[in-house]
């Protein structure tokens, strides 16, 4: 049965949070703050947190820096995944990925159905791997970030989750989470 195996050791991940928005500041960024709060409360390390504009170049510049940084295991971005003209997160991040994690979008949408119904169709949430870094891109609403963390990512990032966790794919944890 899937779930947390309390007999196993917890191994914290180093997670960076990127908010993509033309209007938010650190004072008004409730979505980025929620993700930062949730990941640290779960025992992970906040590797960095940033806000960039809805610009392909700005998103790619920040992502490339984190992808190249061996101290960042995971990136979670919030915002820019809808259909507004300035929503360009998929267009910015997809070209950086070496692999796409198709299942994340499916599971995120299934989870979102329980909270927002078919409105989940308006999200282009996705995930993948760039080098050794895993990137998860979720919508910018605080509710969507709550759904993403509470219903999907919180479990997926916990090294004790069985039958397997993304932690086992992080190079520095491959031996301990196998």
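Residue numbers (my numbering): 7 to 184.
Heads up, the beta-carbon is just placed ideally off N, CA and C, and yes, glycines get one too.
Just so we're clear, the structure is a prediction, and the values are computed from it rather than from any experiment.
Checklist line | Given residue 158 as reference, the closest of 117, 46, 74 once Cα atoms are compared | finding: 117
Next item on the list: Express the C-alpha separation of residue 41 and residue 152 in angstroms, rounding to a whole number.
Entry: 8 Å
Notebook entry, point to check: Hey, quick one: how far does the alpha helix (DSSP H) through residue 118 stretch, first residue to last?
Noted result: 108-122
Next item on the list: Quick one: give me the first and last residue of the beta strand (DSSP E) that residue 158 is part of.
Entry: First-last for residue 158: undefined, no H or E at that position.
Check: Between residue 35 and residue 60, is the Cβ-Cβ spacing less than 8 Å?
Finding: no
Checklist line | Beta-bridge partners of residue 82, as assigned by DSSP | finding: 23, 142
Next item on the list: Please confirm whether residue 12 and residue 166 have their CB atoms less than 8 Å apart.
Entry: yes
Checklist line | Span of the alpha helix (DSSP H), counted from its first residue to its last, around residue 43 | finding: 36-47 is the extent of the alpha helix (DSSP H) around residue 43.
Notebook entry, point to check: Is there contact here, the region 38-54 with the region 95-109, by at least three beta-carbon pairs under 8 Å?
Noted result: no
Item checked: Exposure of residue 112, with buried meaning 16 or more beta-carbon neighbours within 10 Å -> A residue is called buried once 16 or more other Cβ atoms fall within 10 Å of its Cβ, and residue 112, having fewer, is exposed.
Next item on the list: Please list, in chain order, all residues of the same chain as residue 126 whose beta carbon is under 7 Å from its beta carbon, the five residues on each side excluded.
Entry: 115, 118, 119
Margin query: Using CA atoms only, rank isn't needed, just tell me which of 56, 132, 76 is closest to residue 88.
Written below: 132
Notebook entry, point to check: Where DSSP assigns a beta bridge to residue 51, which residues make up the other side?
Noted result: 20
Next item on the list: Would you mind reading off the limits of the beta strand (DSSP E) that contains residue 134?
Entry: It spans 132-136 - the beta strand (DSSP E) in which residue 134 sits, taken as one unbroken run.
Check: Are residue 81 and residue 24 touching if we call contact CB-CB under 8 Å?
Finding: yes
Check: Near residue 261, which residues of its chain fall below 7 Å by C-beta distance, leaving aside the five closest residues on each side in sequence?
Finding: Here the chain has residues from 7 to 184 only, and residue 261 is not among them.
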